Amino acid sequence: MILNSNPYQVTSAVSQYQTTQAANKTAVTSPATQTEKSEQSPSTSDRKLNWDVFKDQVESDPSFAADMAEAVSFIPDKMLVNLNEAPPLTDPVAFKKWASKSDDFDKEAAVVTEQRIQIYNNMKNEGASDADIFNKILDFNRSLPLDYQVKAGMLAVDAYA
44 MILNSNPYQV TSAVSQYQTT QAANKTAVTS PATQTEKSEQ SPSTSDRKLN
94 WDVFKDQVES DPSFAADMAE AVSFIPDKML VNLNEAPPLT DPVAFKKWAS
144 KSDDFDKEAA VVTEQRIQIY NNMKNEGASD ADIFNKILDF NRSLPLDYQV
194 KAGMLAVDAY A
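Numbering follows the numbering used here, in which position 13 of the sequence shown is assigned residue number 56; successive positions increment by one, without gaps.
Below, the structure written as structure tokens:
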């Protein structure tokens with residue numbers, strides 16, 4: 044935000060902030076903006092996950108595929124946190140509340156991990172290849188709610204975006 048510093052047109056920072064916030068709210072809720080955003084949002088199958096970088100090697104190397112299928116199935120997700128958002132350690136109540144978000148996510152992640160393990164075991168019993176198991180688990184991960192994927196840090200982010 045740039046504050047106006049013209050001496051002939053003196054406004055307070057608060058009024059400029061309020062004007063900017065009102066303009067931003069209008070821009071966010073306009074129907075045209077919503078339509079553009081929905082057209083740009085990738086479908087579930089188009090989302091690129093961090094594990095996708097291993098697909099080519101999984102397809103070409105069976106021993107690597109076995110390791111990766113097991114890893115993607117059995118390693119539980121952890122919540123990605125921004126330590127800059129953590130309250131100070133001198134406020135134990137606020138810190139405990141902030142840390143409890145991770146505990147809640149761990150409970151949700153345990154359920155998701157059990158579902159992955161079940162998919163892994165079922166496919167192994169059916170004789171599926173490790174590459175197929177890896178790809179099926181990635182498809183399962185893509186089907187998870189977007190907020191879960193974001194919290195778990197699953198989505199691949201383009202460094203140049």
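Glycine residues also receive a C-beta, built at the ideal position from the N, C-alpha and C atoms. Here the structure is a predicted model, which means the values were calculated and not measured.
*So, is N127 buried or exposed, given that buried needs 16 or more other C-beta atoms within 10 angstroms?*
In the sequence shown, residue 127 corresponds to position 84, counting from 1. Exposed, by the Cβ-count rule.
*Secondary structure at Q59, three-state DSSP: helix, strand or coil?*
Residue numbering aside, residue 59 sits at position 16 when the sequence shown is read from its first letter. With a pLDDT of only 48 at Q59, under 50, the local geometry of the prediction cannot be trusted, and no value is derived from it.
*What number of angstroms, rounded off, separates the C-alpha of F177 from the C-alpha of A152?*
On the sequence shown, position 134 is the one that residue 177 refers to. On the sequence shown, position 109 is the one that residue 152 refers to. Going from the Cα of F177 to the Cα of A152 covers about 18 Å.
*Drop a sphere of 10 angstroms on the beta-carbon of L132, count the other beta-carbons inside from all chains shown, and report buried for 16 or more, exposed for fewer.*
Counting from 1 along the sequence shown, the entry for residue 132 is found at position 89. The residue in question, L132, is exposed, as its Cβ has fewer than 16 Cβ neighbours within 10 Å.
_Nearest by alpha-carbon distance to A109: which of I180, K194, N184 and L189 is it?_
For the purposes of this step, residue 109 is taken as the residue at position 66 of the sequence shown. Nearest option by C-alpha distance: I180.
*Work out the CA separation of P105 and W141 for me, nearest whole Å.*
Here residue 141 refers to the residue found at position 98 of the sequence shown. Here residue 105 refers to the residue found at position 62 of the sequence shown. Taking the straight line joining both Cα atoms gives about 42 Å.
_Euclidean distance between Cα positions of S207 and N168_ = Since the displayed the chain opens at 44 and closes at 204, residue 207 lies outside it and no answer follows.
*With distances taken from CA atoms, which of P188, D182, D147 and I160 is nearest A114?*
Locating residue 114 in the sequence shown gives position 71, counting from the first residue. If we check each option's Cα against that of A114, I160 comes out closest.
_Residue burial classification, V101 (beta-carbon count within 10 angstroms, cutoff 16)_ = In the sequence shown, residue 101 corresponds to position 58, counting from 1. It counts as buried.
*Start-end ranges of the alpha helix (DSSP H) lying completely within the region 96-143, minimum 4 residues*: 98-103 and 105-117
*Start and end residues, alpha helix (DSSP H) containing L189*: As a first step, residue 189 must be located in the sequence shown, where it is residue number 146. It spans L189 to A195 - the alpha helix (DSSP H) in which L189 sits, taken as one unbroken run.
*Going by alpha carbons, who is nearest to S116 out of N184, P135, V136 and V96?*
For the purposes of this step, residue 116 is identified with residue 73 of the sequence shown, where counting begins at 1. Of the candidates N184, P135, V136 and V96, the one whose C-alpha sits nearest the C-alpha of S116 is N184.
*Pull up the DSSP beta-bridge partners for L92, would you.*
Reading the sequence shown from its first residue, position 49 is the one you call residue 92. Bridge partners of L92: L198.
_For the alpha helix (DSSP H) containing A186, name the first residue and the last one._
Looking up residue 186 in the sequence shown gives position 143. Sequence check: residue 186 is Ser here, not Ala. Counting along the chain, the alpha helix (DSSP H) containing S186 begins and ends at D173 to S186.
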